[in-house]
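Single-structure report; data block below.
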Amino acid sequence: MADEINTSAKTEPDRASCCEHGKPEAETLPKGIETITAEQRYTCPMHPDVHQSGPGQCPKCGMNLVPEGADASEPSSHACCHGEHDHAAAKPQHVPKVGGKVSYTCPMHPQIHEGKPGACPICGMALEPETVTLEDDGNPELRDMMRRFWVAVVLSTPVFLLAMGEHLPVLAHLIPHQMSIYIQMVLATPVVLWAGAPFFVRGWNSIVTRHLNMFTLIALGTGVSWAYSMVAALLPHLLPASDMGFPPVYFEAAAVITTLVLLGQVLELKARSQTGDAIKALLRLAPTTATRIRSDSSDETVALEDVRIGDRLRVRPGEKVPVDGEIIEGQSHIDESMLTGEAMPVAKAVGAKVTGATLNQAGSFVMNVTRVGSDTLLAQIVAMVSKAQRSRAPIQRVADTVSGYFVPIVVGIAVVTAIVWYLFGPEPKFAYALLNAIAVLIIACPCALGLATPMSIMAGTGRAAKAGILIRDAAALEAFQTVDTLVFDKTGTLTEGKPRLIEVKALAGFDTDRLLALAASLEGSSEHPLATAIVNGAKDKTLSLFKAEDFASITGKGVTGRIDGTETALGNAALLKDIGADEAALNHLSKPYRDAGQTVIYVAIEKKAAGIIVVADPIKSTTAAALKALKAEGLRLVMLTGDNAATAQAVAKQLGLDEVKADVLPEGKAEVVQSLIKAGRKVAMAGDGVNDAPALASATVGIAMGNGTDIAMESAGITLIKGDLMGVVHARILSRAVMTNIRQNLFFAFFYNALGVPVAAGVLYPFFGILLSPIIASAAMSFSSVSVILNALRIRNVKL
C-alpha cells in the first residue's frame with residue numbers, strides 16, 4: 012500500500028501594512044518568496060506575458076498580480092495606496108478550514124483564484140470557495156441577489172401593469188399616458204440601475220478585460236432599452252412618435268428583463284450550491300468533540316480541534332470515531348459506509364486502523380491518534396473531491412472555443428437585426444428594430460454553454476465520493492469511459508493482500524498443534540506477510556509460543572532454530588534436503604494445495620519431515636462478480652503478477668481469466684501497459700499504488716486500490732477507498748453517466764442558441780407573424796442556465 016499522503020494545510024500569509032505616500036512597505040509572502048524590494052517583478056496568473064516591478068492589477072484581466080516565481084494558485088490580494096486595501100482577504104469570514112487555506116474560484120474557470128468572494132473576471136459568475144465547508148452561514152452572493160430580486164419584483168410589477176394597461180381603455184382613462192410614462196420611469200430606474208447594478212459592473216469589466224460574456228449581452232440589452240426610454244420620456248421631440256403622438260417607451264422591458272435575470276441568478280446559485288451536498292453530507296458526520304484519556308486514566312471531553320497526535324481517545328458504542336488512529340485496547344465493529352459505501356460493519360481489534368467520522372457500532376475501544384485536522388482521511392477526501400470538481404475535462408475545450416466567439420457574433424447578429432428591421436420592417440420601424448435587437452442580445456446565453464461541463468463534473472465527483480470512489484480530476488473521469496482494456500495486479504486487487512493460515516497437515520507421529528506452535532515461535536520475530544499469517548493462526552488457536560534460540564535465516568530456502576529445546580526448520584523442499592530430511596512425503600501431501608495456487612511451507616522437527624503449513628491470500632468476495640460485470644462491458648481483462656506461473660494460473664482458473672502474465676516485476680508491468688497502449692488500446696491499470704506505481708502512471712487511467720486510512724490518493728486518477736474491483740464497475744457506470752450528461756448539456760446549450768437567436772431576430776415573422784418579446788427572451792435565457800444545472804444534478808441519483 013502506498014505511503015499515506017500528507018496534505019497539511021499551508022498557513023495564509025499575513026498581509027503587510029498599508030503603503031504610505033504611494034509606496035508599499037515590505038509584505039509577508041508565502042514561504043520561498045523573498046521580501047518585496049524595488050526590484051521585485053510581478054506577473055499575472057492568467058497572462059504570464061504581463062510583467063511590472065511592483066504589485067497592482069493586470070491591465071488585461073484586472074486580476075491581482077503575484078510575485079514572479081510564486082504559485083499562481085495561491086490567493087493574492089494587494090492594491091496600491093489610493094485603491095482598496097484588501098485586508099479582508101487575510102482573514103475572510105466564514106472560510107473553509109478543511110484541506111488548507113481559503114481560495115475562491117469560478118466553477119467555469121478554475122484557473123481563477125482569489126482570496127475573497129467576488130465575480131469571475133472572465134465570465135462574471137460569482138466566485139465560490141474551492142473547498143466545501145459547514146462553517147459558512149450561506150452564500151453572500153445568493154443573499155444579495157435575493158434582496159435585489161425581491162426589490163425588483165415589487166417595483167417592476169406596477170411598471171408591467173402600467174405598460175399593459177395602456178392597451179386597455181378603462182385603465183388608459185384612469186391614468187393619462189404621459190403620467191404613466193413618468194411613473195414607469197420612476198419605478199423602473201432603480202430596478203435597472205440598482206437591482207441590475209451587478210450586471211452592468213460585470214458587463215463593463217468584460218469589455219475592459221476583453222472577456223465578453225453573458226453579462227455583456229444583458230448590460231447592452233437592458234441598458235439600451237432603459238436609455239432609449241429615458242430619452243423618449245424626457246426628450247420626446249428627439250425621437251419619431253408613434254400613433255399615439257409620443258415615442259414608445261420600454262421601461263417595462265428593461266425592468267422585467269432585469270427581474271427575470273435576477274430570478275435566473277437566484278435559481279442558478281441555489282442549484283450550484285447543491286453540487287457540494289455530497290461533501291457536506293460527509294462533513295456532517297464528523298463529531299465535534301472527543302473523549303480523551305488523561306495521564307491518570309480519567310476521561311475528559313475536549314473539542315475536536317484540541318485533539319493532538321499521540322492522544323489516547325475512548326470511543327464508546329454508538330459514538331463516531333473522532334479522528335484517524337489505531338486501536339490499542341478493545342475491539343468493535345465499525346460502520347465505514349460513509350467512506351466505502353459498504354453497508355456491512357467491519358470488525359476491528361487491537362492494531363486495526365480506524366478512520367475519523369466512521370460510526371462505532373458494538374464495542375468500546377481505546378485508540379491512539381495518528382492523524383488530525385487536514386491530515387485525516389476525511390479532510391483529504393474533501394480536499395481531493397473539491398479539487399476534482401474544479402478541474403476541466405478535455406471536452407470542455409469545445410465549449411471554450413465556441414464561447415470565445417459567441418458574444419461578438421451575437422452582438423453582430425443584433426446589429427444586423429436592427430438594421431434589417433429598420434430598413435425593411437413594418438412601421439414603427441425603429442421600435443421593431445430596437446425590440447428585436449434587444450431580444451437577440453438577451454436570449455443568447457453563453458452561460459449555459461459554459462456551465463454544461465463543470466456542473467456535471469461537480470455533481471459526478473460528489474456522487475463518486477459518496478460511493479467511496481475518489482476522482483482525481485475531470486480528465487480521468489472522461490477518459491475512463493473510453494477504456495477497453497483493464498490490467499490489474501493480483502495481490503491486493505483480486506485478493507485481500509493479507510495471507511491467512513489455511514491448513515496444517517502433520518505426518519504420522521507428529522501433532523498438528525505442536526507443529527504450528529513451533530513454526531509460529533520460529534517466525535515470531537519476522538514481519539514477512541507469510542510469517543504474520545502463521546503467527547496469527549497460532550494465536551487464533553490460543554497456542555503457547557516460545558522464544559527462538561540459535562535462529563538462522565537461509566536466503567531463498569527458509570529459517571531454522573531451536574524452539575523449546577526442539578530443533579525446528581521451516582521453509583521449502585531445498586531446505587529439507589540441506590538438513591538431510593526426506594521431503595518426498597511432504598511433496599505428495601502438498602501437491603493439491605500447490606495445484607490450487609496456495610503457498611505450502613515445509614516443517615521439519617529434529618531433521619525429520621514433520622508436516623506442512625498452507626498459507627493463502629484469499630480472493631476478495633466481490634472479485635468474481637466484478638470480473639463478470641467487467642467482461643459483460645466488453646473489456647479485455649489482463650492479470651499481471653509477480654507470483655510464479657502456477658499460483659497465477661490457479662487464481663486465474665478460479666476467476667475464469669484467460670490472459671495472465673506471471674513473474675512480472677514492477678517495471679515489467681509498466682512495459683506491458685505501454686505495449687498495449689502502443690497497440691491502440693485504452694488501458695486502465697488497477698493496483699495497490701506502490702509496487703504498481705510505474706504501471707499506474709503509464710496507463711490511460713490509473714486506479715489505486717485503497718483500504719481504510721492507508722489509501723494512496725495521489726497514486727492514480729481514480730482511487731477506490733474500499734479497495735475492490737466492484738469500485739471499478741461503479742466508476743465505469745458513473746463515468747459513462749457523467750459524459751452522457753455533459754453531451755446532453757452541450758446539445759441543449761447549442762440547440763437552444765441555434766433556435767433561440769434566429770427566432771429572436773424575427774425569421775419567423777414573414778411566414779407566421781411571430782415575434783419574440785425581449786421579456787420572453789429573458790425568461791428563456793434564465794431557464795436555459797437553470798435547465799443545464801438541474802440536468803447535471805440528476806447525476807446525484809445514479810444507481811451504483
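Just so it is clear: in the sequence shown, position 740 is 751 by my numbering, and no numbers are missing. Note that the Cβ used here is the ideal one computed from N, Cα and C, for glycine as well.
Next on the checklist: What ranges does the beta strand (DSSP E) occupy inside the stretch 345 to 379, keeping only unbroken runs of at least 3 residues that lie completely in it?
Outcome noted: 357 to 359, 370 to 373
Item to check | Ala635 at chain D interface by Cβ criterion, 8 angstroms | outcome: In the structure shown, chain D cannot be found, because there is only a single protein chain.
Item to check | Sequence-distant residues of its chain with Cβ nearer than 6 angstroms to Ala517 (five each side left out) | outcome: Thr523, Leu526, Gly622
Checklist entry - Buried or exposed: Phe160, going by 16 or more other Cβ atoms within 10 Å of its Cβ? => result buried
Item to check | Check: Val427 C-beta below 7 angstroms from any heavy atom of the ligand MG | outcome: Ligands are entirely absent from the displayed structure, and the ligand MG is therefore not among its contents.
Checklist entry - Do you know offhand how far Val675's Cα is from Gly567's? => result 18 angstroms
Checklist entry - Three or more beta-carbon pairs under 8 angstroms between the stretch 310 to 328 and the stretch 359 to 377, yes or no? => result yes
Item to check | DSSP state of Leu782 mapped onto helix, strand, coil | outcome: coil
Checklist entry - When the Cα of Thr270 is compared with those of Trp215, Ala485, Pro201, Leu388, which residue comes out closest? => result Pro201
Checklist entry - From Val770 to Ala404, what does the alpha carbon distance come to, in whole angstroms? => result 32 angstroms
Checklist entry - For Leu460, which residues of its own chain have a beta-carbon under 8 angstroms away from its beta-carbon, when the five flanking residues on both sides are left out? => result Ala410, Val413, Ser414, Phe417, Leu757, Ala760, Phe761, Asn764
Checklist entry - Using DSSP with H/G/I as helix, E/B as strand and the rest coil, what is Leu581? => result strand
Item to check | Whole-angstrom distance between Thr543 and His599, CA atom to CA atom | outcome: 26 angstroms
Checklist entry - Hey, how far is the Cα of Gly780 from the Cα of Trp432? => result 14 angstroms
Item to check | Residues bridged to Ile616 (per DSSP) | outcome: Thr579, Lys619
Checklist entry - Using 8 angstroms as the Cβ pair cut-off and three pairs as the minimum, do the stretch 572 to 587 and the stretch 471 to 489 touch? => result no
Item to check | Own chain residues within Cβ distance below 6 angstroms of Thr299, not counting five before or after | outcome: Leu315
Next on the checklist: Between the alpha carbons of Ala394 and Ser343, how many angstroms are there, rounded?
Outcome noted: 29 angstroms
Checklist entry - Applying the criterion that 16 or more other CB atoms from any shown protein chain within 10 Å of the CB defines a buried residue, is Gly275 buried or exposed? => result buried
Checklist entry - Which full runs of the alpha helix (DSSP H) of 4+ residues lie inside the stretch 401 to 451, going along the chain? => result 407 to 435
Checklist entry - How is Val170 classed by DSSP in three states: helix, strand or coil? => result helix
Next on the checklist: So if DSSP puts Met716 in a beta bridge, which residue, or which two residues, is it bridged to?
Outcome noted: Leu731
Item to check | Close-in-space but distant-in-sequence residues of the same chain around Ala727 (CB under 6 angstroms, 5 per side omitted) | outcome: Leu707, Gly713, Ile714, Ala715
Next on the checklist: Less than 8 angstroms between the C-beta atoms of Leu481 and Thr730, yes or no?
Outcome noted: yes
Checklist entry - Would you call Asn808 buried or exposed, if buried means 16 or more other Cβ atoms sit within 10 Å of its Cβ? => result exposed
Next on the checklist: Can you give me the C-alpha to C-alpha distance between Gly885 and Gly384, rounded to a whole angstrom?
Outcome noted: Since the first and last residues shown for the chain are 12 and 811, residue 885 lies out of range.
Item to check | Between the CA atoms of Ser240 and Gln492 - distance to the nearest angstrom | outcome: 54 angstroms
Next on the checklist: Using DSSP's beta-bridge definition, name the partner residues of Phe499.
Outcome noted: Met650, Ala697
Next on the checklist: Rounding to the nearest angstrom, what Cα-Cα distance links Glu670 and Glu644 in this structure?
Outcome noted: 17 angstroms
Checklist entry - Quick one: what does DSSP say Asp307 is sitting in, helix, strand or coil? => result coil
Checklist entry - Under a three-way DSSP split, which group does Val313 fall into? => result strand
Checklist entry - Skipping 5 residues on each side, what residues in its chain have a beta carbon closer than 7 angstroms to that of Thr302? => result Asp310, Thr312, Leu324, Arg325
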